[in-house]
Amino acid sequence: MLKEDDYRDFLQAMLDEIGVHEKRNHWTLIKREDMPPGMKTIMAVWSFKRKRYPDGMLNKHKARLCAHGGQQTWGQDYSDTYAPVVTWVRVHLLLTIAKIHKLESKSIDFLLAFPQADLDVPVYMELPAGISPINDVDSNHRRYVLRLNVSLYGLRQSSHNWFEKLSKGLSIEILSR
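Quick note on numbering: the sequence shown equals residues 77 to 253 in my numbering.
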């Protein structure tokens, strides 16, 4: 629940999030009637977080737009979901070995990591709450939907797609050296 004093900050965070997605062409706005027959839409959900500094002071308000992956159907909206994960013990081990052997190590933080991966099947999502094009509502029915161009957080296949994209990118980087 958004507190009254947080409302404007979270609203700005929502607008910033939408702006980044639109700037990066993460979706295409289409008329509902232009969807392929038999295709269904999934809901868009917002995730809100108050980001804090280590001392507990408020840093910023974060709003993340997610797809409701629980509404996807296996075989229609997605097929592969597996993506390997690394344990912190292994990360610490690798960093320790790098330090012992005086090797260079780098850290990378990806802004909106999952949406950098392409989708292999079409996914259609309802417009997020609070966002609507002019003249969108027609008799309590929204006329527009979003055709996702990339994986969004919340989709069942997002972690798999991101791992595939990252693996290809790292392979190209290693081979080009």
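The C-beta atom is built at its ideal place from N, Cα and C for all residues, glycine as well.
Exposure of residue i, with buried meaning 16 or more beta-carbon neighbours within 10 Å
{"i": "serine 227", "result": "buried"}
{"i": "tyrosine 154", "result": "buried"}
{"i": "leucine 141", "result": "buried"}
{"i": "tyrosine 200", "result": "buried"}
{"i": "valine 221", "result": "buried"}
{"i": "glutamate 93", "result": "buried"}
{"i": "glutamine 148", "result": "buried"}
{"i": "tryptophan 150", "result": "exposed"}
{"i": "leucine 224", "result": "buried"}
{"i": "histidine 217", "result": "exposed"}
{"i": "tryptophan 238", "result": "buried"}
{"i": "tryptophan 164", "result": "exposed"}
Beta-carbon contacts of residue i that lie in its chain and below 6 angstroms, excluding the five residues immediately before and after
{"i": "leucine 231", "result": "Ala143 and Gly145"}
{"i": "methionine 90", "result": "Ala139"}
{"i": "aspartate 81", "result": "none"}
{"i": "glutamine 129", "result": "According to the sequence provided, residue 129 is tyrosine. The question's glutamine does not apply to it. Result list for tyrosine 129: Asn135, in chain order."}
DSSP bridge partner residues for residue i (one or two, in chain order)
{"i": "leucine 105", "result": "Leu222"}
{"i": "methionine 201", "result": "Ile118 and Leu222"}
{"i": "alanine 139", "result": "Phe124"}
{"i": "tryptophan 150", "result": "Tyr154"}
{"i": "aspartate 194", "result": "Val226"}
7 angstroms Cβ shell around residue i - same chain, five flanking residues per side excluded
{"i": "aspartate 156", "result": "Gln233 and His236"}
{"i": "arginine 126", "result": "Leu134 and His137"}
{"i": "proline 209", "result": "Leu105 and Tyr220"}
{"i": "isoleucine 207", "result": "Ile94"}
Span separating the alpha-carbon of residue i from that of residue j
{"i": "glutamate 131", "j": "arginine 84", "result": "What sits at residue 131 in the sequence shown is aspartate, not glutamate. The alpha-carbon atoms of aspartate 131 and arginine 84 are separated by roughly 24 angstroms."}
{"i": "leucine 169", "j": "glutamate 109", "result": "54 angstroms"}
{"i": "asparagine 203", "j": "glutamate 180", "result": "Contrary to the premise, residue 203 reads as leucine rather than asparagine in this sequence. Cα to Cα, the separation comes out at about 45 angstroms."}
{"i": "valine 162", "j": "serine 243", "result": "14 angstroms"}
{"i": "valine 197", "j": "lysine 178", "result": "45 angstroms"}
{"i": "phenylalanine 86", "j": "serine 183", "result": "29 angstroms"}
{"i": "histidine 102", "j": "alanine 205", "result": "17 angstroms"}
{"i": "arginine 166", "j": "proline 160", "result": "13 angstroms"}
{"i": "isoleucine 248", "j": "tyrosine 229", "result": "25 angstroms"}
{"i": "glycine 114", "j": "phenylalanine 124", "result": "33 angstroms"}
{"i": "lysine 107", "j": "leucine 187", "result": "30 angstroms"}
Beta-carbon contacts of residue i that lie in its chain and below 8 angstroms, excluding the five residues immediately before and after
{"i": "lysine 241", "result": "Gln192, Ala193 and Asp194"}
Legend entry - the stretch 99-119 touching the stretch 171-178, judged by at least three CB pairs closer than 8 angstroms: By the C-beta criterion, the stretch 99-119 is judged not to be in contact with the stretch 171-178, since fewer than 3 inter-stretch pairs fall below 8 angstroms.
Inset, instruction - Tell me, please, whether the stretch 181-200 touches the stretch 93-107 by the rule of three or more beta-carbon pairs shorter than 8 angstroms. - result: yes
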